[in-house]
Structures are given as structure tokens and as C-alpha cells.
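Contents: one structure, followed by commentary.
Here is the structure:
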């Protein structure tokens, strides 16, 4: 497969894929290549930079860079989530499960809370029908 950047007589530039260059030549000569913007069948190849294959190490380096960027974006979102929770909920520490039950059963005023709970406590709360979310608590800043 080959991708060409094409240009019509009205200077609209677009891309199209062909099996090979002979297929492009045949379709263009037969008027089968059409500008998607204006419908012109007078289309030529536009100048384009060649695609240079990357080495395995270049691809691995690029993939590692993309993964690092994705991780940075995720960590930033988790830090922002932490800030939002801290501003909009009461910290109840290791009494989270107990306080969540008190709120759920109407023994205290309903409010947003956060704190710590063991996996067993979280499972028990879920079994009781108490909605909770387990959130990875990332450190503040870039640490």
C-alpha cells in the first residue's frame, strides 16, 4: 500500500491510499480519483516528504516516550482528583468504613468523606450496598 498526497485543479489537498503507484496511475488516467471537496477529477500528486522507516530502537524509544507522556498525563489527572477530593470532602482517616456506614444508615448527616479502608472493609461496604470508590492516592507535586 502507498499513500499519496493529492491536489486538485482548485488546489484542494487530500490524501489517498493505493495498492501501488501503477494503481494510482491507472485510476487517475481513468478519472476515478476524485477530490472529496469539490468533486474535480483533475488530480495530481502533490509534493510530499518520503516516509522513512524507523529502526527497532527508534520505535522502542518513541514508544517509551509516548508511555512516559501518558503516565505524566495520568499522574496529573490523579493529582487534580486528589486536590478536588481534599477540597470537597471530610477526611475521616482510618474510620472511613465506620463513618461510611453511619452516613449510609442515616445515623449522621450525609456528606462527602475520604479516608483509609482495608480491602476487606471495602469489600464489606460494597456487599452492604454502600457506594465507595478506591482511588490511587498519588503524592502531591512531582515527587
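Residue numbers (the numbering used here): 3 to 145. A virtual CB, placed ideally from N, CA and C, is assigned to each residue, including glycine.
Query, Result
"How close, in whole Å, do the beta carbons of residue 40 and residue 12 come, if the pair is a contact with beta carbons under 8 Å?", "5 Å"
"Check the C-beta distance from residue 91 over to residue 134 and give it rounded, since I have them as a contact under 8 Å.", "Wrong, their Cβ atoms sit about 12 Å apart, outside the cutoff."
"Fully enclosed by the segment 81-140, which alpha helix (DSSP H) runs are 4 residues long or longer?", "98-106, 121-129"
"Determine, using beta carbons only, whether residue 118 and residue 95 come nearer to each other than 8 Å.", "yes"
"Going by Cα to Cα distance, which pick from 57, 33, 138 is closest to residue 46?", "33"
"Give me, in chain order, the residues of the same chain whose beta-carbon lies closer than 7 Å to that of residue 30; leave out the 5 immediate sequence neighbours on both sides.", "45"
"Quick one: what does DSSP say residue 26 is sitting in, helix, strand or coil?", "helix"
"Whole angstroms are fine: how far does the CA of residue 115 sit from the CA of residue 122?", "19 Å"
"According to DSSP, simplified to helix, strand and coil, what is residue 18?", "strand"
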